[in-house]
Amino acid sequence: MAQVLKEEVRNRILEAAEKVFYKKDYRGSKLTEIAKEADIPVALIYTYFKNKEVLFDAVVSSVYINFESAFNEEESLEKGSASERFDEVGENYIHELLKERKKLIILMDKSSGTKHTEAKQKLISQMQVHIEVSLKRQSKQEYDPMLAHILASNFTEGLLEIARHYQSEKWAKDMLKLIARCYYKGVESL
441 MAQVLKEEVR NRILEAAEKV FYKKDYRGSK LTEIAKEADI PVALIYTYFK
491 NKEVLFDAVV SSVYINFESA FNEEESLEKG SASERFDEVG ENYIHELLKE
541 RKKLIILMDK SSGTKHTEAK QKLISQMQVH IEVSLKRQSK QEYDPMLAHI
591 LASNFTEGLL EIARHYQSEK WAKDMLKLIA RCYYKGVESL
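Under the working numbering, the first residue of the sequence shown carries the number 441, and numbering increases by one thereafter.
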């Protein structure tokens, strides 16, 4: 019974921290606000988490961005265009990520002052490498690496805009399909 209570308190702290970090960001949040949101004494937070940064890590750990495995899986597919490979692999991964969109936004937009400050840039860099691989695979022409960087940055920001303005799962899926179509086939494909 005591273990169940401990897990319940830990989960209340994590839920409260997610709300406070989402509303304010890491630097603007105080443990007293998180304790108030969780309806516990602030000292109890230290029973479960060494400090605010460890608590922040626990909040974002389930969505920490590492597209590398999805990119590798997508790149390992031997047949199909880049858009077909995205439809088969990447889209599902992104939908799973959007299920935890508040944590994604906290990680990408509200992590200044933590070891995750560069999370968005890391994601853009991973995506840039993936795009460069796809360009080499599908095109005989060599492109300036800035093109891959711009495309990666735009796609990442588009994904984050879906997360920031999320309306429903259907809406997010529809928006992602439209963005992917524009991304792979151009605006004229609409």
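We put the CB at the ideal spot given by N, CA and C, even for glycine.
Are the C-beta of E493 and some C-beta of chain E separated by less than 9 Å? You won't find chain E in this structure, because it holds only one protein chain.
Under the three-state DSSP convention, the category E518 falls into: In the structure shown, E518 sits in coil (DSSP, three-state: anything other than H, G, I, E or B).
For N491, does the three-state DSSP call read helix, strand or coil? DSSP places N491 in coil when its eight states are reduced to three.
In chain order, which continuous runs of the alpha helix (DSSP H) of length 4 or greater are located wholly inside the region 524-565? Whole alpha helix (DSSP H) segments, 4+ residues: 531-538 and 541-549.
Taking a contact to mean a Cβ-Cβ separation below 9 Å, would you say T557 touches F496 in this structure? Not closer than 9 Å, so no.
Starting from P481, follow the alpha helix (DSSP H) in both directions and report where the run begins and ends. For P481, no alpha helix (DSSP H) run applies, since DSSP gives it neither H nor E.
Give the DSSP-derived three-state secondary structure of S469 in the structure shown. In the three-state reduction of the DSSP assignment, S469 falls in the coil class.
Please return the same chain residues whose Cβ sits closer than 7 Å to the Cβ of F595, not counting the five positions on each side in sequence. Here the set comprises M567 and Y623.
Tell me which same chain residues have a C-beta within less than 6 Å of the C-beta of S516, skipping the five on either side of it? Hits under 6 Å: none found.
Could you pull out every residue in the same chain whose Cβ sits closer than 6 Å to the Cβ of K492, ignoring the five residues on either side in sequence? Here the set comprises L471.
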